[in-house]
Amino acid sequence: MNLMTRQDLTKAFELIEQERHDAALEILEPLLQEERNNPDVWWLYAHATADRETARDALNMVLLLKPDYPGASQLLEQLRIEPVSAGTHPITSSPAYTPPPTLPDLPPAETEEDDFDDLDFEDFDDDKPRSRLRTFLGMLFVLLIIGVIAVILIMNA
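Going by the working numbering, the first residue of the sequence shown is number -11, and it counts up by one from there.
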């Protein structure tokens, strides 16, 4: 999972905690296209959707992808048993709501864009001139390897 996905999941988690489910869905729905095999995305999607059947389907995907996902089996069973009154959210209205176990460890979502000028790239900041001999020898070595492979292929043909 890349850093952007982790940040998006963290932001969606925060929106769900604030009961801003529609805003969380706007983040999660594109992620479902990119990260279909990520149980964390499905877990949050189950918490963000207002449709009980969709929440069940999302939890089933969580369990399909990771059968031992903490809290998924219990929440799925709870959805099967508990009736939900009209106008309430199927998961967050239940008293036994459990947040995803891995998300609190994620870095907080950045509200401002990263300023890449402030980042320290030690490998790129050195003022040492690059050796042309080293580059030449590297290219020569690669060509030598390609030549050896070509000779071997020709001799075996």
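Glycine residues also receive a C-beta, built at the ideal position from the N, C-alpha and C atoms.
The structure presented is a predicted model; accordingly, all values stated were derived computationally and were not measured.
A distance of 8 Å or more separates the beta carbons of residue 47 and residue 20.
The count of Cβ pairs closer than 8 Å, one atom from the segment 49 to 60 and one from the segment 2 to 18, stays below three, leaving the stretches out of contact. Cβ neighbours of residue 4 within its own chain (closer than 6 Å, five residues either side excluded): 12, 35 and 36. Going by C-alpha positions, residue 27 is about 8 Å away from residue 57. Looking at the backbone, the Cα of residue 145 and that of residue 124 are separated by about 32 Å.
Sorting 132, 23, 6 and 140 by C-alpha distance to the C-alpha of residue -8 places 23 at the top. For residue -1, the three-state secondary structure derived from DSSP is helix. For residue 39, the three-state secondary structure derived from DSSP is coil.
Secondary structure of residue 44 (DSSP, three-state): helix. DSSP places residue 8 outside both helix and strand once states are collapsed to three, so it counts as coil.
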